[in-house]
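In my numbering, the protein residues as written are 574 to 760.
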């Protein structure tokens with residue numbers, strides 16, 4: 574589930590080449606936007622970037638120099654993983670949604686409400702975990718769909734930005750040999 578647009582509820586503060594985005598009501602930081610980050614970090618390739626601890630330290634140094642008191646914490650856990658659909662039942666309040674239980678790591682099972690017609694028990698699928706940034710820039714959040722909690726998103730090839738996705742509509746079904754919990758690489 575992606576986050577709703579909440580620009581009216583957000584405040585912005587810019588110092589040097591960094592903008593802090595925060596909740597207007599509470600002042601809680603939502604995130605930072607580092608402009609001209611390539612002047613600070615050596616980044617290679619295209620697509621999602623997984624920062625090293627050293628790179629996070631460099632960004633924290635920039636935050637301090639700009640006068641921000643907060644620090645970033647490195648999260649090196651993969652946000653796109655191979656999941657195995659352990660359970661798939663129709664949503665009681667929808668004619669097109671399914672409530673799934675998906676193993677995303679050794680014995681870690683999360684509930685995801687899915688709208689794809691081709692989802693089924695036993696499949697290996699790509700799961701965008703909470704905190705994942707989709708190729709189109711949307712961030713995955715915990716949420717509720719028609720009264721049922723959903724903690725991530727089962728992805729289609731199109732949503733993952735995979736070029737020339739197969740003509741099959743719905744989620745991307747991986748080979749049965751895919752390893753549950755392993756990071757899914759989009760390149």
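All C-beta atoms in this analysis are idealised placements derived from N, C-alpha and C, irrespective of residue type, glycine included.
Predicted model, so just to flag it, every value in this text is computed and none were measured.
- Task: Since I believe residue 694 is in contact with residue 565 (beta carbons under 8 angstroms), could you give me their beta-carbon distance rounded to a whole number of angstroms?
- Result: Because the chain is modelled from 574 through 760, residue 565 falls outside the range shown and cannot be assessed.
- Message: Given this structure, state the Cα-to-Cα distance separating residue 614 from residue 643, to the nearest angstrom.
- Response: For the purposes of this step, residue 614 is taken as the residue at position 41 of the chain shown. For the purposes of this step, residue 643 is taken as the residue at position 70 of the chain shown. Roughly 19 angstroms between the two C-alpha positions.
- Query: So the alpha helix (DSSP H) residue 626 belongs to, where does it begin and stop?
  - Reply: For the purposes of this step, residue 626 is taken as the residue at position 53 of the chain shown. Start and end: 626–639.
- Determine the DSSP secondary structure at residue 612, reduced to helix, strand or coil. As a first step, residue 612 must be located in the chain shown, where it is residue number 39. Of the three classes helix, strand and coil, the one that applies to residue 612 here is helix, per DSSP.
- Secondary structure of residue 643, DSSP reduced to three states: Locating residue 643 in the chain shown gives position 70, where the first residue counts as 1. If DSSP states are grouped into helix, strand and coil, residue 643 belongs with coil.
- Should residue 623 be labelled buried (16 or more other beta-carbon atoms within 10 Å of its own) or exposed? For this step, residue 623 is matched to residue 50 along the chain shown. Exposed is the call here.
- Where residue 672 falls: helix, strand or coil (DSSP): Counting from 1 along the chain shown, the entry for residue 672 is found at position 99. Residue 672 sits in a strand when the DSSP states are folded into three classes.
- Write down the C-beta distance between residue 672 and residue 721 rounded to the nearest angstrom, noting that I regard them as a contact closer than 8 angstroms. For the purposes of this step, residue 672 is taken as residue 99 along the chain shown, with counting starting at 1. For the purposes of this step, residue 721 is taken as residue 148 along the chain shown, with counting starting at 1. Indeed, because the Cβ distance is near 6 angstroms, the residues count as touching under 8 angstroms.
- Task: Measure how close the beta-carbons of residue 697 and residue 651 come, nearest whole angstrom, since I'm counting them as under 8 angstroms.
- Result: On the chain shown, position 124 is the one that residue 697 refers to. On the chain shown, position 78 is the one that residue 651 refers to. Contact between residue 697 and residue 651 fails: their C-beta atoms lie close to 15 angstroms from each other, not under 8 angstroms.
- Return helix, strand or coil for residue 582, following the three-state DSSP convention. Against the chain shown, residue 582 aligns to sequence position 9. Helix.
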